[in-house]
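**Q** Mind the numbering: the sequence shown is residues -16 to -1, 1 to 567 in mature numbering (1 follows the signal peptide of the UniProt record, and there is no 0), read in order. Positions of the beta carbon are idealized from the N, C-alpha and C atoms, including for glycine.
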Amino acid sequence: MVRLIPLLLVTPAALATRSNPECRPEGPIFPRPRHLNQSDTFRDALDKLTATFDAAFHGEIRTGWDLRNVSLSMAVVGLDQTQPSEPLWEYHRLAPGNVNGTKSLDRHSQYLIGSVSKVVTDALLLKSGVNPDDAVTKHVPALDNETSLIDWSQISLRALGGHLAGIPPNYGFSEYHYLKAWFEALGFPPINDTDYPPCGVIGLNQECTRQQFLSGMLSSNPVAAPQSRPVYSNIAFTLLAYALEAHTGGKNYSTLLRELLTGPLNMSSTMPSPGNDSLAVIPPGESTWGSSYGDNTPGGGLVSTLADLSTFVHAILARDPALGLTETQVREWLQPRSFAGSRSSFVGLPWEIFRPEPGHTVTIHSKGGAAYGYIARIALLDEYGVGLVILMAGGQDAVTDVFDVAVSVLVPAVDEAAREQAEREYVGHFAGDTNNMQVPVSATTELDGTSLRLTGLYRNGTDILASLQEVAQVTLFGFLPSMRLTGVVRMYPAEVERTTVLPNGREVVEEDWRLLLEMELQSEAELPGKGLSRHDCLAWSLSDWIHYGGEPADGLVFVRDAPTGSVLGLDAPFLRSGTMDKS
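(1) Counting along the chain, where does the beta strand (DSSP E) carrying Arg498 start and finish?
(2) Pick from Ala537, Arg468, Ala220 and Arg482: whose alpha carbon is nearest that of Ser507?
(3) On the DSSP letters alone, give me the boundaries of the alpha helix (DSSP H) that Thr563 sits inside.
(4) Would you mind listing the alpha helix (DSSP H) stretches within the region 441 to 480 that are 4+ residues and don't spill past its ends, in chain order?
(5) Excluding sequence positions up to five away, which residues of its chain have a Cβ less than 6 Å from the Cβ of Ser69?
(6) For Asp555, report the span of its beta strand (DSSP E) as first-last.
(7) Based on Cα-Cα distance, which residue from Glu10, Leu30 and Pro9 lies nearest to Pro396?
(8) Identify, in the order they occur along the chain, each residue of the same chain with its Cβ nearer than 8 Å to the Cβ of Pro174, setting aside the five sequence neighbours on each side.
(9) Between Leu286 and Thr254, is the Cβ-Cβ spacing less than 8 Å?
(10) Just to confirm my understanding: we take Ser435, look at its own chain, exclude 5 residues before and 5 after, and list those with CB closer than 6 Å. What are they?
(11) Quick one: Cα of Gly234 to Cα of Tyr226, how far?
(12) Using only the alpha-carbon positions, how far apart do Ala302 and Val314 sit?
(13) With Ser392 as the anchor, note down where its alpha helix (DSSP H) starts and where it stops.
(14) For Lys102, count neighbouring C-beta atoms within 10 Å of its own C-beta (all shown protein chains included) and say buried if the count is 16 or more, exposed if not.
(15) What's the C-alpha gap between Gly553 and Ala401?
(16) Just to confirm the assignment, what range does the beta strand (DSSP E) spanning Tyr358 have?
(17) With DSSP as the reference, label Met376 as helix, strand or coil.
(18) If we count the other Cβ atoms within 10 Å of its Cβ and call it buried at 16 or more, is residue 573 buried or exposed?
(19) Which runs of the alpha helix (DSSP H) at least 4 residues long sit entirely within the region 175 to 203? Give them in chain order.
(20) Could you check whether the region 555 to 564 touches the region 527 to 543, counting it as contact only if at least three pairs of C-beta atoms, one from each stretch, sit closer than 8 Å?
(21) When the distance is taken between beta carbons, is Pro125 closer than 8 Å to Ser140?
(22) Helix, strand or coil for residue 606 per DSSP?
(23) Where do the ends of the beta strand (DSSP E) carrying Ser426 lie?
(24) Whether or not the region 202 to 216 and the region 184 to 194 are in contact is what I'm after, with contact meaning three or more pairs of Cβ atoms, one per stretch, closer than 8 Å; do they touch?
(25) Using only alpha-carbon positions, find the residue among Ala40, Val61 and Val485 that is nearest to Asp366.
(26) Let me check one thing: in DSSP terms, what residues is Trp273 bridge-paired to?
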């Protein structure tokens, strides 16, 4: 009598991977591509980017931008670049209308980066040693006031850094005194100047002191309940800086920035505004270049360069120890924190996470920022080990177009490079003799349009894949007779690896992969709503359910040469196969 697993609580919708090929374990389909600069596909994509932007700025492609006033510095960042500050590809264009600032645009030229500053501030939050789940009132006790309209005791530092505090975007700055007469002409009731906030109102009063700002927080209205939905907030990052200052014994934001981030990563040109006029890209007309943002700096007042932001993006992608965060901390940092009103959009800390359609799911962690006359964006394609940096002056309407061009060209290219590497290294025939015990074992892998597949696995002449199908059908799906295994076995990297040294002295990397048995739902029902759940994927709940002698029957290990990354063999620990050599 076969005993069924009693605690496997999944719905048939979770298993319909045949009708929904995107139902797979979360994460990359293939390992990050190595040596991208040696990939013809990737180099062709970079050439296409250059040609496209050249044509755009020469007026050969209609853009709708004021080309005379648009300056651009842009980079593609990758793990293979020689130096963190020297991207794989960069593009610069100094607007003909620029008469002030630098006359020679390069990766060291300075731009205002607006709210990209928020990512930097969240990095300080994670590096400071403070508990991000502390209530803000623990570190800013002035907010612990029963008269406050916002219950600050329910708002954590993490909520502030991830736009989940439910507090307003601004204080004072959302008002424009010089528009008062226009509002009245539109039918709004007359008001007195005393009805405005006492500070920060453009055209009426001065920048808020810390005391005025904190007092204003007690009279501000909540926008949403904490943790209920994202509400974009600049003032959240001012409060974060106050909290970090208190936690570190009085170190101000500039000091923390230098000690925790820009010093260790050698980002010497990333600083609170104002920057260096002689290095600056200063757009024609009015801009906020040269302004001091004061206590608003953590949310949007930093100056930086393409070199520095390339270094920052590279450090995140590479899990660089100089970043001061462990690999696990970086992975946690990149997790989404909230839905954002769209099936393709999510909010992180403070990432603006986007999953474009169509095609297979690709996650883009980006952060945009704007200052008057400037627009900036950084983006991570973490599963591929690739990032983007876009800095613009005088072209605030152009950044979305530039970003879309870059993503539409890069994503297919790096995906194809990853597939080419997978076909070259992971596809093939593997054979051995179970740790020299004269019992032959072999495996065969192939690549289709979806993923890597395990197409053969034999031990002593027995078809182990067929055996796995039978075991899974009885144990996992015996209580769901409508489920049928298709016979297709897919393989996905688990992003877990170990470096070890073989008895012969060779250093290798053991790279864990997991199998997913493809299945389909058979139903003759003609009830309303049939097929509704086909996009509800719970395949993530199916890993590691079947074991044999303490080893997971869905676990395989590729063995790679540590110096070169080349795949040497494949191990099936549940078969006690030892390493099957690649032929």
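**A** A quick look at the data gives this:
(1) Glu491 to Leu505
(2) Arg468
(3) Taken as a continuous stretch (DSSP letters only), Thr563 belongs to no alpha helix (DSSP H), being part of the beta strand (DSSP E) at Thr563 to Lys566.
(4) 448 to 459
(5) Ala291, Ser294 and Thr295
(6) Unbroken beta strand (DSSP E) run through Asp555: Val551 to Asp555.
(7) Leu30
(8) Cβ within range, chain order: Glu168.
(9) yes
(10) Ile13 and Arg474
(11) 9 Å
(12) 10 Å
(13) DSSP places Ser392 in the uninterrupted alpha helix (DSSP H) bounded by Val383 to Glu409.
(14) So Lys102 ends up on the buried side.
(15) So the two alpha carbons sit approximately 21 Å from each other.
(16) Tyr358 to Leu365
(17) In the three-state scheme derived from DSSP, where H, G and I count as helix and E and B as strand, Met376 is classed as strand.
(18) In the structure as shown, the chain begins at -16 and stops at 567. Residue 573 is therefore absent and cannot be evaluated.
(19) Counting whole runs of 4 or more residues, the region 175 to 203 contains the alpha helix (DSSP H) stretches 194 to 203.
(20) The region 555 to 564 and the region 527 to 543 touch, with no fewer than 3 CB-CB distances between them shorter than 8 Å.
(21) no
(22) With the chain represented from -16 up to 567, any question about residue 606 goes unanswered, as that position is not in the structure.
(23) Val425 to Leu431
(24) no
(25) Val61
(26) DSSP output for Trp273 lists no bridge partner at all.
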